[in-house]
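One structure below.
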Amino acid sequence: MKQKLFIILVIILVGAMLIGLNAASYTQKPKVVDNELQPNRSTFNSGPTGTQAFYSLLSETGRIVLRWQESTEALAAAGKRKPDVFVVVGATRREFTETESLQLMRWVSDGGRLVIIDRAPPPQLIKTSAYWNLDLTDPDFTKLLTIDTTDQAQMTKGVAAARPGQPTVLTAKVNSIQPSILAADITFHRMAQRDIRESNPRDDDDKPPPSSDSNRDVSSVAVETNSLEIGEAPVAHFVMGTKNIVVDVPYGAGTIVVVSDPFIVSNGGISLVDNAQLAINLVATADGVVAFDEYHQGFGSNNNRFFQFFSGTPVIAIFFQCIVLVGFIFYSQSRRFARPVPVIEPESNVMLGIDRSDGMVSLVP
Numbered sequence: 035m036k037q038k039l040f041i042i043l044v045i046i047l048v049g050a051m052l053i054g055l056n057a058a059s060y061t062q063k064p065k066v067v068d069n070e071l072q073p074n075r076s077t078f079n080s081g082p083t084g085t086q087a088f089y090s091l092l093s094e095t096g097r098i099v100l101r102w103q104e105s106t107e108a109l110a111a112a113g114k115r116k117p118d119v120f121v122v123v124g125a126t127r128r129e130f131t132e133t134e135s136l137q138l139m140r141w142v143s144d145g146g147r148l149v150i151i152d153r154a155p156p157p158q159l160i161k162t163s164a165y166w167n168l169d170l171t172d173p174d175f176t177k178l179l180t181i182d183t184t185d186q187a188q189m190t191k192g193v194a195a196a197r198p199g200q201p202t203v204l205t206a207k208v209n210s211i212q213p214s215i216l217a218a219d220i221t222f223h224r225m226a227q228r229d230i231r232e233s234n235p236r237d238d239d240d241k242p243p244p245s246s247d248s249n250r251d252v253s254s255v256a257v258e259t260n261s262l263e264i265g266e267a268p269v270a271h272f273v274m275g276t277k278n279i280v281v282d283v284p285y286g287a288g289t290i291v292v293v294s295d296p297f298i299v300s301n302g303g304i305s306l307v308d309n310a311q312l313a314i315n316l317v318a319t320a321d322g323v324v325a326f327d328e329y330h331q332g333f334g335s336n337n338n339r340f341f342q343f344f345s346g347t348p349v350i351a352i353f354f355q356c357i358v359l360v361g362f363i364f365y366s367q368s369r370r371f372a373r374p375v376p377v378i379e380p381e382s383n384v385m386l387g388i389d390r391s392d393g394m395v396s397l398v399p
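First residue of the sequence shown: 35, per the numbering used here; consecutive thereafter.
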């Protein structure tokens, strides 16, 4: 009993030492400043670059919103949770894999609306089923070095408001929106006939030979042949000077909406002019589900909740060390730490007597 008590006390002492050493050696990581140099576009983030205000606005105005924390491969089997609108904001912390991109574009082609709000979105997500190409010009990021990106006034200094390009569903009730100095320009142009033939190799036998002028766009070719379908053109909803800020393009039966500046819907900019109304228009549906992509922002079903909760604390290290200590104890229960000791024979307390009755001498108990 004393031996077991000694072992228990030693275990408690070692555990206390491990906790003390981990607590003494732990240094808290400095909090990362939330700014445009290191933005966090998650709806969980209440900082200036987050989109928590956007999510709360939709929720409080009666929309059905959810934080999508699964891969986009799960969209096809979402059932009642299948969204009508899927929103991807800013540079994601997880990159879209090829399979995820294909599944997302398949969902769009079936009638979904994909809203991409970024200055440099993944090229595989800004496609169109019509014969058009979309490009975004890179903004001047050197401006970030001379301004306070958490200051609303500095982020919009000298930037004119963007006006509606034409009456559309996205411009309803919006007089103007206020982008930041980092707003990119969305450009689009028709594909050259050579590129169209490469994307549709099976139609080569039915199409006339390509023009000798490789720089001619597809519009003149379509007029001459009257056999090449151009498809629905992109629509520029908001224009700032010569910059297109909000554009939508068709993709199968669905639509892809591209917004070139996350500042418009971020916590730091959504309160300016009619930015909030545009945010609502971007995801407006008839009682449909609006899903914000949180999986590619670092949150997901494949993350261990225990480790995620205690991330950045010494608890995880202590947990693993205690597991090793307990495992060592169980291992040592069947192990010998010294030479074998012979078993001691028990002493007999039986008294023996002498029997002489038959002439023989014998010992009897």
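Quick reminder that beta carbons are idealized off the backbone N, C-alpha and C, glycines included.
As the structure is a prediction and not an experimental result, all values here were calculated from the model.
Cβ shell of residue i (< 8 Å), same chain only, five flanking positions each side left out
i: residue 154; result: 125, 170, 172, 218
i: residue 282; result: 204, 268, 269, 271, 289, 290, 291, 292
i: residue 333; result: 76, 78, 101, 103
Three-state class that DSSP yields for residue i in the structure shown
i: residue 358; result: helix
i: residue 194; result: coil
i: residue 313; result: helix
i: residue 258; result: Unreliable positioning characterises residue 258 in this predicted model, as indicated by a pLDDT of 35, which lies under 50. The coordinate reading is nonetheless provided below. In the structure shown, residue 258 sits in a helix (DSSP, three-state: H, G or I).
i: residue 175; result: helix
i: residue 155; result: coil
i: residue 220; result: strand
i: residue 296; result: helix
i: residue 116; result: coil
i: residue 289; result: strand
i: residue 45; result: helix
C-alpha distance - residue i paired with residue j, whole-angstrom precision
i: residue 278; j: residue 269; result: 10 Å
i: residue 82; j: residue 215; result: 15 Å
i: residue 285; j: residue 316; result: 16 Å
i: residue 354; j: residue 49; result: 12 Å
i: residue 47; j: residue 356; result: 12 Å
i: residue 212; j: residue 351; result: 47 Å
i: residue 224; j: residue 99; result: 36 Å
i: residue 331; j: residue 123; result: 9 Å
i: residue 305; j: residue 53; result: 47 Å
i: residue 195; j: residue 209; result: 9 Å
i: residue 307; j: residue 121; result: 22 Å
i: residue 188; j: residue 168; result: 30 Å
i: residue 298; j: residue 311; result: 11 Å
i: residue 323; j: residue 112; result: 11 Å
i: residue 89; j: residue 309; result: 14 Å
i: residue 97; j: residue 110; result: 22 Å
7 Å CB neighbourhood of residue i in its chain, flanking five on each side removed
i: residue 86; result: 77, 78, 79, 80, 301
i: residue 206; result: 315
i: residue 147; result: 118, 119, 288, 289, 291
Proximity to residue i [Cα-Cα], best of the options
i: residue 144; options: 51, 71, 290, 39; result: 290
i: residue 131; options: 204, 74, 311, 158; result: 158
i: residue 42; options: 360, 376, 138, 206; result: 360
i: residue 135; options: 168, 116, 161, 112; result: 161
i: residue 182; options: 117, 74, 67, 195; result: 67
i: residue 303; options: 163, 190, 139, 321; result: 190
i: residue 94; options: 314, 326, 328; result: 314
i: residue 108; options: 325, 200, 207; result: 325
i: residue 294; options: 307, 221, 114; result: 221
i: residue 184; options: 110, 202, 194, 74; result: 74
i: residue 327; options: 193, 91, 174, 127; result: 127
i: residue 201; options: 273, 92, 141; result: 273
i: residue 296; options: 55, 84, 45, 39; result: 84
Residue i classed as buried or exposed, judged by whether at least 16 other C-beta atoms fall within 10 angstroms
i: residue 106; result: buried
i: residue 119; result: buried
i: residue 51; result: exposed
i: residue 150; result: buried
i: residue 378; result: exposed
i: residue 138; result: buried
Cut-off 6 Å between Cβ atoms - residues of its own chain near residue i, not counting five sequence neighbours on either side
i: residue 177; result: 215
i: residue 69; result: 183, 184
i: residue 156; result: 130
Beta carbon proximity, residue i to chain B, threshold 9 Å
i: residue 303; result: No chain B appears in this structure, which consists of one protein chain only.
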